[in-house]
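Participant: Its first residue numbered 0, the sequence shown is counted upward by one per residue in numbering that gives the first Met the number 0. Just so you know, even glycine gets a beta-carbon here, dropped at the ideal spot from N, CA and C.
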Amino acid sequence: MENAQQLVDDAVATAEFGMKAEFQFPATKIFPKVAIFDAAVEKVSLEKMIRLGEELICKITEYSPEVICEGGVTKSSYQLSIINSRGGQASFRESVFGLGIEGQRIRGTDMLFVGDYQSSCHPILETDEIVKTTIRQLELAKRMAKVTSKPMSVIFAPDGVTSSLVLPLISAFNGKTVLEGASPLGKKTERKGF
0 MENAQQLVDD AVATAEFGMK AEFQFPATKI FPKVAIFDAA VEKVSLEKMI RLGEELICKI
60 TEYSPEVICE GGVTKSSYQL SIINSRGGQA SFRESVFGLG IEGQRIRGTD MLFVGDYQSS
120 CHPILETDEI VKTTIRQLEL AKRMAKVTSK PMSVIFAPDG VTSSLVLPLI SAFNGKTVLE
180 GASPLGKKTE RKGF
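1) With 16 other CB atoms within 10 Å as the buried threshold, where does Glu54 fall?
2) Looking at the structure shown, is Pro61 part of a helix, part of a strand, or coil, going by DSSP?
3) Going by other Cβ atoms of all chains shown within 10 Å of its Cβ, with 16 needed for buried, is Thr13 buried or exposed?
4) Can you tell me the Cα-Cα spacing of Val43 and Phe36, whole angstroms?
5) What three-state label does DSSP hand Met151 in the structure shown?
6) Just checking my contact of Gly102 with Gly71 at CB under 8 Å: how many whole Å lie between their CB atoms?
7) Starting from the C-beta of Tyr77, find all residues in its chain whose C-beta is less than 8 Å away, skip the five residues before and the five after it, and write them out in chain order.
8) Of all the CB atoms in chain D, is at least one closer than 8 Å to the CB of Leu166?
9) Counting only runs of 3+ residues fully inside the stretch 32 to 100, write out the beta strand (DSSP E) ranges in chain order.
10) Considering only the alpha carbon of each residue, which of Phe155, Leu184, Pro157, Gly180 lies closest to Ile169?
11) Below 8 Å on the Cβ atoms is my guess for Gly114 versus Thr27; work out the distance and round it to an integer in Å.
12) If I measure Cβ to Cβ from Phe96 and keep anything under 6 Å in the same chain, skipping five residues before and after, which residues do I get?
Put into structure tokens, the structure is as follows:
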């Protein structure tokens with residue numbers, strides 16, 4: 000790290016502010032190795048990545064020419080090392096390869112968004128699975144339904160549950176958010192030991 004001393008100086012300068020930490024860092028420990036690095040990710044050429052993105056777009060627009068598509072292919076690798084003042088240290092190396100497509104179809108005032116994404120620590124060199132799920136979304140959306148204004152039951156797809164319910168709940172359950180009184184769920188819990 001280029002500015003290690005600056006990082007230490009900044010940490011010492013801010014240490015006097017905030018609440019006292021009532022914990023200790025772990026000492027030396029051996030952690031299990033998790034295989035999340037594949038050198039093959041780094042070897043995937045830019046040309047191959049471009050071809051994968053083009054293939055995704057072509058397959059979706061061949062199926063439905065009115066869909067405006069954007070394909071994305073990414074790769075990265077990094078190493079993370081952590082060390083603390085009690086001798087605890089751990090490190091790992093990780094590779095990430097991502098492949099996805101987003102599409103939009105507009106008919107009058109109706110806007111349909113479709114797409115899928117896969118990621119792995121290994122290269123993903125086949126587009127078939129992503130194309131299949133995206134085409135399924137287009138198939139399911141072929142028939143537009145008329146909806147009346149009244150209370151109705153709602154069925155969420157797995158992704159809809161995550162974005163609509165799980166992420167807000169995670170924020171509401173955050174200990175700092177509850178402690179600060181900003182969580183709508185904070186007053187619904189019985190606090191002990193505070």
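Facilitator: The short version:
1) buried
2) The amino acid occupying residue 61 in the given sequence is Glu; Pro does not appear at that position. Three-state result, Glu61: helix.
3) exposed
4) 14 Å
5) coil
6) Gly102 to Gly71, Cβ: 12 Å. No contact.
7) Arg92, Glu93
8) Judged by its chain identifiers, the structure shown contains no chain D, having just a single protein chain.
9) 67 to 82
10) Leu184
11) Their Cβ separation, rounded to whole angstroms, is 46 Å, which puts Gly114 and Thr27 out of contact at 8 Å.
12) Val40, Lys74, Ser119, Pro122, Ile123
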